[in-house]
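With the numbering used here applied, the sequence shown covers 4 to 129.
Before any comments, here is the structure.
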Amino acid sequence: MKKVVFATFVAFWSSIATIATLHAMAPTEAPAGTGQEPVAAAATTPGYTLEQVAGHATLDDCWMAIDGAVYDLTAYVPSHPTPAFVLEPWCGKEATEGMRTKGYGRDHSPAAWAMMEEYRVGALVE
């Protein structure tokens, strides 16, 4: 009987820990139309052209344009789950396709998209 109670106790707290972890990783955007949408930052962030982004095309200075925003991912490259050579072809380029497909048709997770905001340096302009 003690083993059953102990197993139940461990399962319960493992479930709670899993739920708390998933909640912490989930994006915290308000539903559209609620009036709680974030204020557009485009007016206050600098704009960069693809030509300017192209000046940052190495792993030691890696900028990418993704979905209309520009990210300086230099500090993130060593932390990326895949080897750096996977990211290198996208440095200094419009990389929305790479982010949306991972090269084989599978989009990055919502947590990955949310994490990128830390590296956002501006908006992509023409």
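Backbone N, C-alpha and C fix where the C-beta goes; we use that ideal spot for every residue, glycine too.
Checklist entry - Comparing alpha-carbon positions, which option in D70, E129 and F15 lies nearest E100? => result As a first step, residue 100 is located in the sequence shown; it is residue number 97 there, counting from the start. Of the candidates D70, E129 and F15, the one whose C-alpha sits nearest the C-alpha of E100 is D70.
Next on the checklist: Applying the 10 Å Cβ sphere with the 16-neighbour rule, what's the burial state of Y107?
Outcome noted: Within the sequence shown, numbered from 1, the residue matching residue 107 stands at position 104. Classification for Y107: exposed.
Item to check | Three-state secondary structure assigned by DSSP to Y107 | outcome: For the purposes of this step, residue 107 is identified with residue 104 of the sequence shown, where counting begins at 1. It is coil, neither helix nor strand.
Checklist entry - Do A126 and V73 come within 8 Å of each other at the CB atom, strictly closer than that value? => result What you label residue 73 is simply residue 70 of the sequence shown in a count that begins at 1. What you label residue 126 is simply residue 123 of the sequence shown in a count that begins at 1. Closer than 8 Å, so yes.
Checklist entry - What is the rounded straight-line gap between the Cα of V124 and the Cα of C65? => result Taking the sequence shown and counting its residues from 1, one reaches residue 124 at position 121. Taking the sequence shown and counting its residues from 1, one reaches residue 65 at position 62. Approximately 12 Å, taken between the alpha carbons.
Item to check | Distance between S112 and F15 (C-alpha atoms, nearest Å) | outcome: Along the sequence shown, read from residue 1 onward, the residue named residue 15 stands at position 12. Along the sequence shown, read from residue 1 onward, the residue named residue 112 stands at position 109. The straight-line gap separating the alpha-carbon atoms of F15 and S112 is approximately 27 Å.
Checklist entry - A14 CB to nearest chain C CB: under 8 Å? => result Although the question refers to chain C, the structure presented lacks it and comprises just one protein chain.
Item to check | Supposed contact pair K96 and M67 - C-beta distance, whole angstroms, cut 8 Å | outcome: Counted from its first residue, the sequence shown places residue 67 at position 64. Counted from its first residue, the sequence shown places residue 96 at position 93. About 7 Å; that satisfies the 8 Å criterion.
Item to check | Local conformation of M4 per DSSP, three classes | outcome: Locating residue 4 in the sequence shown gives position 1, where the first residue counts as 1. Note: M4 maps to coil in three-state DSSP.
Next on the checklist: Can you give me the C-alpha to C-alpha distance between E129 and T24, rounded to a whole angstrom?
Outcome noted: In the sequence shown, the residue the question calls residue 129 occupies position 126. In the sequence shown, the residue the question calls residue 24 occupies position 21. So the alpha carbons of these two residues sit roughly 40 Å apart.
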